[in-house]
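All remarks here apply to the structure that follows.
There are 4 protein chains.
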Amino acid sequence: MFNAAVLGASGYAGGEMVRILDRHPGIAVSHLGAHSRAGETLSAVQPHLTDGGRTLGDNDPDHIPDDVDVAFLALPHGSSTETGIALRDRGITVVDLGSDFRLDSNERYRQAYGSDHPRPDHLPEWRYGLPELFDVTESRQVAAPGCYPTAVLLAIAPLAAAGLVDPSAIVADCLSGVSGAGRALREDLAYGAVDEGVRAYAVTTHRHRPEIEMALEAYGIDHPRVVFTPHLVPMLRGELATVTAPTETDVSTARDALEEVYSDKVFVSVIDGPPQTRWVVGSNRTLIAVWVDEWTGRLIVQSAIDNLVKGAAGQAVQCANLMLGLDETAGLSLDGWMP
Amino acid sequence: MFNAAVLGASGYAGGEMVRILDRHPGIAVSHLGAHSRAGETLSAVQPHLTDGGRTLGDNDPDHIPDDVDVAFLALPHGSSTETGIALRDRGITVVDLGSDFRLDSNERYRQAYGSDHPRPDHLPEWRYGLPELFDVTESRQVAAPGCYPTAVLLAIAPLAAAGLVDPSAIVADCLSGVSGAGRALREDLAYGAVDEGVRAYAVTTHRHRPEIEMALEAYGIDHPRVVFTPHLVPMLRGELATVTAPTETDVSTARDALEEVYSDKVFVSVIDGPPQTRWVVGSNRTLIAVWVDEWTGRLIVQSAIDNLVKGAAGQAVQCANLMLGLDETAGLSLDGWMP
Amino acid sequence: MFNAAVLGASGYAGGEMVRILDRHPGIAVSHLGAHSRAGETLSAVQPHLTDGGRTLGDNDPDHIPDDVDVAFLALPHGSSTETGIALRDRGITVVDLGSDFRLDSNERYRQAYGSDHPRPDHLPEWRYGLPELFDVTESRQVAAPGCYPTAVLLAIAPLAAAGLVDPSAIVADCLSGVSGAGRALREDLAYGAVDEGVRAYAVTTHRHRPEIEMALEAYGIDHPRVVFTPHLVPMLRGELATVTAPTETDVSTARDALEEVYSDKVFVSVIDGPPQTRWVVGSNRTLIAVWVDEWTGRLIVQSAIDNLVKGAAGQAVQCANLMLGLDETAGLSLDGWMP
Amino acid sequence: MFNAAVLGASGYAGGEMVRILDRHPGIAVSHLGAHSRAGETLSAVQPHLTDGGRTLGDNDPDHIPDDVDVAFLALPHGSSTETGIALRDRGITVVDLGSDFRLDSNERYRQAYGSDHPRPDHLPEWRYGLPELFDVTESRQVAAPGCYPTAVLLAIAPLAAAGLVDPSAIVADCLSGVSGAGRALREDLAYGAVDEGVRAYAVTTHRHRPEIEMALEAYGIDHPRVVFTPHLVPMLRGELATVTAPTETDVSTARDALEEVYSDKVFVSVIDGPPQTRWVVGSNRTLIAVWVDEWTGRLIVQSAIDNLVKGAAGQAVQCANLMLGLDETAGLSLDGWMP
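Protein chains in written order, with our numbering: chain A, 1 to 339; chain B, 340 to 678; chain C, 679 to 1017; chain D, 1018 to 1356.
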């Protein structure tokens, strides 16, 4: 049995981390950290979780007990850098759910965030935690991608790597449930501001675009260019990516290319019709479907995930399982919840 | 390992039965039955469930394999009678999630449904499957109550049994998510007919009122009278009962009476503030809170459950666990899903 | 043409005030006030409204132009007192949508709010703005009730006044859409905290209970006692009151008593089945239905309104129409929006 | 005052037609038609509308009274053809909200619907009712486009006509509220099948693609090719189009091209940030925003409408206003409803 720390346990992704780990056969939660809610009980902060009297500690890496083998960091952007490095220095396996270590160079970080990375020398040591596309088995420190890159990359990377689409003209329109925006108090996330409406945000400027292009390059694709437009949809969970690119192939070749990569991947299923996000809520699965539109010479590929599971906590556990030598699926559900 | 059959596996409660049983350590699904969707794969009918190639058979009790130890019937009203009796005749443990065997006499059945029960002589053999209030351990045939009686009874029965409220003047206003109405195609359950609105239905005439009063009597309460008004709320899951009755007690006495019954019941928690249905979605838990309003001399007690878990499939599994000698919590989650 | 000022124009009720007044044939908006958003354009704050270049001023009553005939105050609790008195001193007709002047005495105010009213001597001068029950024609200063008292009083007052129910044992369970809680930034009103769940709040302690009882007394009912439990429902607009009380009458007598009061009231309709909030969204109508449950000797009466229209801005305009000698329905819609 | 007939008054678009016309200063409803619900009162079928005792007649054009000047057809696909021709033969001005007369040739009709048009010789006589792009003033028979073509064309047509984008590589991802699918009883439109999820449908095969391309050609654009992917979003109303195309222009040139077409169009506003569908619910407005992504050489343009107003009934009234010589905005609201 491995012992885990979850920092940022008061947020949505942190709560999902605890929910998953509490039924994990090989990992037990031994430390919970939070920032402003440190000192409260878990059930005060996450009333859907049963606590057995557990209290949230703080997020200070020095307060993590020595018996911790693996740490999951579900912290706001910028807060993982020093914590992640400190935990690595103590020999703890780390999965960062945040964005601090996802980009592989200071140049890319600057492109995405407009400022220098505070510890750029550390960036190369972190693996990009999308296990269906990048092997993390040998690593002890992983930066797990969020919901948008996960959904887009799983959909288009195998097709682009097989040379079936023009990677310089990818259009990715993504639809996300509200939990993807986190639990911080924001006027634009009030019920009265979200219900019964849809909207895009960060058009042309979202920081996940450079990350997606970086990962495509790392997967062997030259000069990818992605138009990435995220949209907020009035639902709690779920992420649907609709990715379009010029193609000269046919649909069965495209589907074969997906199957070649995913046929032995338990968490990805290539299906026939449009995937629905409802089918994967609560599950670590990704559902993918592909079409070729001969009239326009365009390939359309869609992927559906649960943004808090495969797009956050589930993927983090999947990475930890692989790094710790556990079964990849340990603690993770293939089944979703419906209705 | 016990083998289970689930009849009516294509509905919402049936799907939840399979989801729960598929992660049950002591019960394995060996037969799935459906009516109009017999012959289809499970994943065609319940796309959130992974199937391993399972195909739905029909609901005919004669087609249930001999290795089945326990059958869960999630069938439309009236369809369980002959099936339940036939399965009992074969010695199979039966949990009926429907209403065919919930009432204990033909008189009551007529009061609720306006017609005679087709096999009234069988009614006394069935136990009412609300294990926190009625022992089902020795039984092999249980009629599990639905979400409304479960929520109302768990809230008010201990208080009425302790003589703390006037049982002849109980008012129960209940709010249910849409999945409680089942998966049948109905105009009044279209998205365009449900979203962004609330409404009551079956005011003064709902068939669950006689059932609630029967169970209160069976729990030792004389002459209960319940005004029961169910409301439909635009959400998928969840059931909140707000129950009011005249009282002369104080809140701490009331709370003590609840704790006395529930302190050793793992699935019921008495909490301080208003329970939210969101906190128990996906969980088999019931959250209860009680207030006494001195100004009006009224006690208010609320309970929140997931109508498909504690109000249907979870409670059915809880009953089966008890009848089969398994741990009461086997396969059942205390944690919910949020957000 | 009368000129109007709307203070608090940046909130939900204030926005609805402007939307209604902008199509009112007899009242024109000549001043818009806001607090933190003063200086912004109307369309920046209320993007669904077209502005013609209008800018929000502040809420200071001294900044209201001299040509203003009527002022609508949609301000936070406590903010209307001095403003309302100052505007009255200038001879301006005032409709307060807030709670500062709803209670008729300092004693009642203390019962509801736990502190003394700052200007109790002014309380008797304000009329309670529920025109179907209380004549406001001769007044120039009205405190319009909010959604809960409006819905509950319209449902039960005529029945209690006719002696058809026991007014000392009224149970009112109310369901409100989220806009009823206003536009202020609150953690418990985030989309992630509201969607897919229901909950009660302020059980036994809501400040509207004393207000409801005061209005019942003012309507001629002795010693009313109301158990009032408000619930938050995941929808933007709508308010449903389910009111239960002991009765010895029959349903046709009860219905007659409602019709006697409402047959000549254009904004109230007594209907046969359960009213749905969806049917009155955007409308100033109230739908009422009544049942008598002989088994329990209880009358159940329901009313449905749009909390922002009949429960706020629409009722305010209705009061202003009556005070200004305009047609009661001027600017108000009977039709709702659906779906 | 012109007299109007509304056929298909029992559907969502038909109900919205009646709601708008009932407050139209120049058009009065004198006949309501329905199919299966003929004989019922309007309020039985559309409970949000007040009826004054109006009863639904049938949809037979011969039953339309002689005093009718203008007919609005909100009928299922294929049902308008003979009715529209018969009404034109009687000299009645016709606005068809359906798809029977939208395409301008049998060839195109076959491409979209896979069969011959039953009366192809009539197709050229109908004007395409998108008044911001096509003049309908001189016509007496208009086929008004639905929500998808309206949103996509208003967004991209001016930009393509100005030569600012490559029209052969347009990608249009569209998000629609559920009312866009109509009121027919369908399993995939049940609340339990829609809430809390998103999905695409008719990927590569939607019949609106040929219509969009036809209209682009009619607007002077050579060889347009559009990848069109519609998505269903859990909300009642609203339509958001996200349209991407290769460009070599900059954003201010693009915005100028939009303003040049729309600066004198009262129902279209070019705005700065992403348009939200919530801002136009209940309004006949279209909100448009444009971006140029230099990194990918792509232009992104978004438009937001209310699918039942600008995407159906409102646009139909706008067309009728223009054909009848009324003010273009008569009876139509610029303001929306929020929250």
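Glycine is no exception: its CB is placed at the ideal position from the N, C-alpha and C atoms.
Check                                                                                                                                 : Outcome
Partner residues on chain A for T389 of chain B, Cβ-Cβ distance less than 7 Å                                                         : L334 and D335
Chain-order list of residues whose beta-carbon lies under 8 Å from that of M913 of chain C (same chain, five-residue window excluded) : G855, V856 and T955
DSSP state of Y1218 of chain D mapped onto helix, strand, coil                                                                        : coil
N1338 of chain D, DSSP secondary structure in three states                                                                            : helix
Closer than 8 Å to chain A by CB, P1251 of chain D                                                                                    : yes
Span of the alpha helix (DSSP H) around G1050 of chain D                                                                              : Note, G1050 of chain D: premise wrong, no alpha helix (DSSP H); beta strand (DSSP E) at I1044 to A1051.
CB contact check: A1217 of chain D to chain A, cutoff 8 Å                                                                             : yes
Cα-Cα separation, A1271 of chain D to V1318 of chain D                                                                                : 9 Å
Distance between beta carbons of G776 of chain C and S757 of chain C, contact taken as under 8 Å                                      : 7 Å
Cβ pair count under 8 Å reaching 3, the stretch 57-70 of chain A against the stretch 97-115 of chain A                                : no
Sequence-distant residues of the same chain with beta carbon closer than 6 Å to H795 of chain C, five excluded per side               : N784 and Y787
C-alpha distance - V849 of chain C paired with G1031 of chain D, whole-angstrom precision                                             : 40 Å
Members of the stretch 1312-1333 of chain D near chain A, C-beta cut-off 9 Å                                                          : W1312, T1313, G1314, R1315, I1317, Q1319 and A1321
Three CB pairs or more closer than 8 Å across the stretch 950-969 of chain C and the stretch 526-546 of chain B                       : yes
Residue range of the alpha helix (DSSP H) that includes E1230 of chain D                                                              : H1225 to A1235
Cα-Cα separation between A532 of chain B and T719 of chain C, rounded to whole angstroms                                              : 36 Å
Three CB pairs or more closer than 8 Å across the stretch 815-832 of chain C and the stretch 978-998 of chain C                       : yes
L1202 of chain D at chain E interface by Cβ criterion, 8 Å                                                                            : Absent from the structure: chain E. Protein chains present are A, B, C and D.
Of the residues B:P415, B:E633 and B:D527, the one placed nearest G485 of chain B, counting alpha carbons only                        : B:P415
First and last residue of the uninterrupted alpha helix (DSSP H) at I1102 of chain D                                                  : T1098 to D1106
Environment of R697 of chain C [buried if 16+ CB atoms lie within 10 Å]                                                               : buried
Residues, ordered as in the chain, of the stretch 252-284 of chain A that lie near chain D by beta-carbon distance below 9 Å          : G273, P274, P275, Q276, T277, R278, W279 and V281
Coil, strand or helix - G311 of chain A by DSSP                                                                                       : helix
Own chain residues within Cβ distance below 6 Å of I705 of chain C, not counting five before or after                                 : F680, A682 and L699
Contact between the stretch 1238-1245 of chain D and the stretch 1175-1187 of chain D (3+ Cβ pairs under 8 Å)                         : yes
Opening and closing residue of the alpha helix (DSSP H) in which L42 of chain A lies                                                  : L42 to V45
E587 of chain B at chain A interface by Cβ criterion, 8 Å                                                                             : no
Buried/exposed call for R887 of chain C, threshold 16 Cβ in 10 Å                                                                      : buried
N3 of chain A - containing alpha helix (DSSP H), residue span                                                                         : Premise fails: N3 of chain A lies in the beta strand (DSSP E), F2 to L7, not in any alpha helix (DSSP H).
Range covered by the alpha helix (DSSP H) that runs through Q450 of chain B                                                           : N445 to Y452
Beta-carbon proximity check, T432 of chain B vs M662 of chain B, cutoff 8 Å                                                           : yes
C-beta contact flag for M1034 of chain D and A1103 of chain D at 8 Å                                                                  : no
Proximity to A557 of chain B [Cα-Cα], best of B:T588, B:A348 and B:R466                                                               : B:R466
Cβ pair D173 of chain A, D1190 of chain D closer than 8 Å                                                                             : yes
Expected contact under 8 Å - CB spacing of A1262 of chain D and R1200 of chain D to nearest Å                                         : Between R1200 of chain D and A1262 of chain D the Cβ distance is about 35 Å, and since that is not below 8 Å, they are no contact.
Burial state of E917 of chain C (16 or more Cβ within 10 Å)                                                                           : buried
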